[in-house]
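For this note's numbering, add 13 to where a residue sits in the sequence shown, where the first one is 1. Built from N, CA and C at the ideal position, the CB exists for glycine as well. Single-structure report; data block below.
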Amino acid sequence: MGVYGTLILPRLLDLTMRNRRLAHYREQTIGLARGLVLEIGIGSGLNLPLYGRAVDRVCDIDPSPELLRLARNRATDVLFPLSLLRASAEQLPFASAGFDTVVMTWTLCSIAQPVIETGYLVGPKPWTFMYQGSAKKVAYEDAD
Ligand SMILES: C[S@@+](CC[C@H](N)C(=O)[O-])C[C@H]1O[C@@H](n2cnc3c(N)ncnc32)[C@H](O)[C@@H]1O
């Protein structure tokens, strides 16, 4: 990957995602996190300062080493145990069903056919596309 991919793109993404119009959605979403948390697509770590006392540990993944580096810099003040791992949502490096909360903010655009609500914020359409969804743990009966 060239200079654009390693230096410019991660900083551009960080700048875009710091948009103050997103702050309310971040606070609302991260405020629901409890217990052992898996965050998929941490990006530059903008959610890290928003996790509260209800969180026991956060495991963050992202496929981009450059964004993980920015997230690590932002993680110096967090008061909870934190793991930052290079990984993708398609191949999680954890045993299944091990988390109390799974967080994704503005990461689903790279995942096919998610079941979510979509719409636009106030503002010019190409830049204000939003989506939101949540899932609750369900008990499955054994098939056999
Ligand atoms: C628009 S950014 C959002 C970053 C962060 N969640 C936030 O709210 O600021 C999308 C993030 O998803 C990550 N990403 C892309 N494909 C992914 C995948 N397959 N699994 C996990 N993360 C992925 C990108 O590297 C990037 O950090």
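Check: Between Val71, Pro62 and Gly54, which lies nearest to Thr120 when the distance is taken from Cα to Cα?
Finding: Gly54
Next item on the list: Compute the minimum distance between the beta carbon of Glu130 and the heavy atoms of ligand 1, and state whether it is under 7 Å.
Entry: no
Note to self: In the DSSP output, what is Arg70 paired with across the bridge?
What the structure shows: Leu49
Checklist line | the region 22-33 contacting the region 73-85, beta-carbon criterion three pairs below 8 Å | finding: yes
Notebook entry, point to check: Just curious, the beta strand (DSSP E) that Met30 is in, first and last residue?
Noted result: Note, Met30: premise wrong, no beta strand (DSSP E); alpha helix (DSSP H) at Leu22 to Met30.
Notebook entry, point to check: Within the present structure, is the beta-carbon of Ser77 separated from the nearest heavy atom of ligand 1 by less than 7 Å?
Noted result: yes
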